[in-house]
Structure formats: structure tokens, C-alpha cells
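J.: Could you have a look at this structure, given as C-alpha cells, before my questions?
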Amino acid sequence: MQQRINNIESEVIERLYRLFILRYQGNNSKLAKASDCSETTIRRVFSGKQGVTLNLFLRICNALEVTPIEVLNESYH
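Numbering of the sequence shown is given in the working numbering, commencing with residue 336 and proceeding in unit increments.
In C-alpha cells form, the structure reads like this:
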């Protein structure tokens with residue numbers, strides 16, 4: 336079960352990363368500022384070294400101007 340959860344989290348992070356590239360052109364500091372977290376946190380999340388809490392997920396979604404449901408359903412395409 337843990338592996339399945341890890342796979343889902345990785346997929347959600349990948350979706351956030353694709354949106355991040357589109358919205359911020361890969362600029363970690365702009366996303367960090369918009370989501371009110373550190374640039375280190377953004378780098379660690381996107382490199383797979385840190386998981387995403389619900390709070391961080393919601394703040395990143397807000398900064399990317401998408402709803403959490405859109406990310407989870409991948410309906411932003």
C-alpha cells in the first residue's frame with residue numbers, strides 16, 4: 336500500500352511540476368514567493384527529496400492558479 340501512495344504522490348508532484356514550468360518558466364524563487372515557502376522547499380519537492388504536505392500542496396496550487404481538484408484529476412489540459 337505504501338508504494339501505491341508513493342506513486343500517487345510522485346504523479347501529483349509531476350503534474351505540479353509541469354504547471355510550474357508553464358506558469359513560472361522554471362523559476363523556483365517566483366513560485367516560492369507566490370506560495371509563501373522557501374526556494375529550498377520547492378527544489379526539494381521537485382527533486383523528490385521532500386514530500387508534499389496538504390498545506391504545501393494547497394499553497395502551490397494557489398500559486399499556480401489551479402484548484403487542487405484540477406491537479407488531482409489532471410483536468411487542466
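Note that the Cβ used here is the ideal one computed from N, Cα and C, for glycine as well.
According to DSSP, is T375 helix, strand or coil?
T.: helix
J.: For I377 and N342, I'd like the C-alpha separation in whole angstroms.
T.: 19 Å
J.: Leaving out five residues before and five after Y359 in sequence, what residues of the same chain have Cβ atoms less than 6 Å from its Cβ?
T.: K365, L366
J.: Output yes or no for whether 8 Å exceeds the beta carbon distance between T402 and C396.
T.: yes
J.: Are the beta-carbon atoms of F381 and I404 separated by less than 8 Å?
T.: no
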